[in-house]
Amino acid sequence: MSTFLTTNGKFIWRLGRQLFVIVIGAASAGKLIWASRASNTAPSQLQILEIILLAVLAILAARADIAEALAERPTLHARQSEHSRINEYMFNLLRNGGRVAIVSNDLTWVKGSDSIKNLLVEKAQESEVTIIVPRANDVAAFLEENGVRVITYPGLSITPKTRFTIALQGRADEFVAIGRQKNGFHTIREYQRDELPCLLAEDLVAILEAYAARN
2 MSTFLTTNGK FIWRLGRQLF VIVIGAASAG KLIWASRASN TAPSQLQILE
52 IILLAVLAIL AARADIAEAL AERPTLHARQ SEHSRINEYM FNLLRNGGRV
102 AIVSNDLTWV KGSDSIKNLL VEKAQESEVT IIVPRANDVA AFLEENGVRV
152 ITYPGLSITP KTRFTIALQG RADEFVAIGR QKNGFHTIRE YQRDELPCLL
202 AEDLVAILEA YAARN
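In the working numbering, each residue's number is its place in the sequence shown (first place is 1) plus 1.
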């Protein structure tokens, strides 16, 4: 529950903060207008300019911060027990055309879904799938037997803390979906090709491919 509150609490706090800025700006503008009416005088040019500047600054600040908050929200935030939501997201990600590179720990999410297994095998016929796992297991063996390219790196004795999938690999619209598990929740966040997490993911895939080729 704490992860949920942390993730969504930051978003709500940021939106609330910007709404506060808008309210303060509107209140200041209203105060100037009220003062003008109370004195039965028209607002001066300086007062009108102040009102306009307050409104513009409030709107620009809110727009920038809200856009940033929306960008930081996870694409998927689900309890680990909600396998159907996680599998639905992954299936929709994989069924798009283009190559994918999947870096996983044990492919648990594949094991429980025949539709995802079939989709991976289907994409493998077009050489569109690379799966990278620390060591072979039943799921990886099944996929490899059915044409999926599977890379392992048992000699490194590393268990990845993050799981990610690079979608539309090599294309201008390439992106990476990075998964993380914490406190009973599974969070997936997407990053575009020119963003640092996507660049690092590409580098890690290239390193692991090169390591496997030499061993």
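Ideal Cβ positions, reconstructed from N, Cα and C, are used throughout, including at glycine.
As a quick exercise: from the options, pick the residue whose alpha carbon is nearest that of residue i.
i    : options                : result
E191 : V130, N147, E203, F165 : F165
F92  : G99, N106, S114, L157  : S114
T160 : N88, S85, V104         : V104
T163 : A142, I53, T188        : T188
N138 : K112, E123, S158, A207 : K112
I87  : I208, A214, Q182       : Q182
E203 : V57, S85, E175         : E175
E123 : L50, A142, V149        : V149
V206 : N216, Q170, G185       : Q170
G185 : H84, V57, I117         : H84
R215 : D195, L201, L157, G180 : L157
Y90  : G180, E127, D195       : G180
Report the rounded CA-to-CA distance for residue i versus residue j, giving the unit in angstroms.
i    : j    : result
A178 : P155 : 24 Å
Q193 : I167 : 10 Å
V140 : L197 : 31 Å
T131 : C199 : 16 Å
V101 : R172 : 11 Å
L213 : L54  : Correcting the residue type first, residue 213 is Ala in the shown sequence and not Leu. So the two alpha carbons sit approximately 60 Å from each other.
K118 : A142 : 12 Å
S116 : L201 : 30 Å
E127 : D195 : 26 Å
L71  : L50  : Unreliable positioning characterises L71 in this predicted model, as indicated by a pLDDT of 48, which lies under 50. A coordinate reading is not provided.
With a Cβ-Cβ cutoff of 8 Å, do residue i and residue j count as a contact?
i    : j    : result
D107 : V134 : yes
A125 : N147 : yes
G99  : E129 : yes
T153 : R136 : yes
Return the chain-ordered list of same chain residues with a C-beta closer than 7 Å to the C-beta of residue i, the five sequence neighbours on each side being excluded.
i    : result
L120 : F92, L95, R96
A211 : none
Tell me the DSSP bridge mates of residue i?
i    : result
G180 : R164, I189
V134 : T153
R194 : Per DSSP, none; premise fails for R194.
R100 : Q170
Spatial neighbours of residue i within its chain, please: C-beta separation below 8 Å, excluding the five flanking residues on both sides.
i    : result
L209 : V104, I133, I152, Y154
At a Cβ threshold of 8 Å, is residue i touching chain D?
i    : result
K118 : You won't find chain D in this structure, because it holds only one protein chain.
Compute every distance between the C-beta of residue i and the non-hydrogen atoms of the ligand NAD, then say whether any falls below 7 Å.
i   : result
H84 : Here there are no bound small molecules, and the ligand NAD is not part of this structure.
Give me, in chain order, the residues of the same chain whose beta-carbon lies closer than 6 Å to that of residue i; leave out the 5 immediate sequence neighbours on both sides.
i   : result
V57 : none
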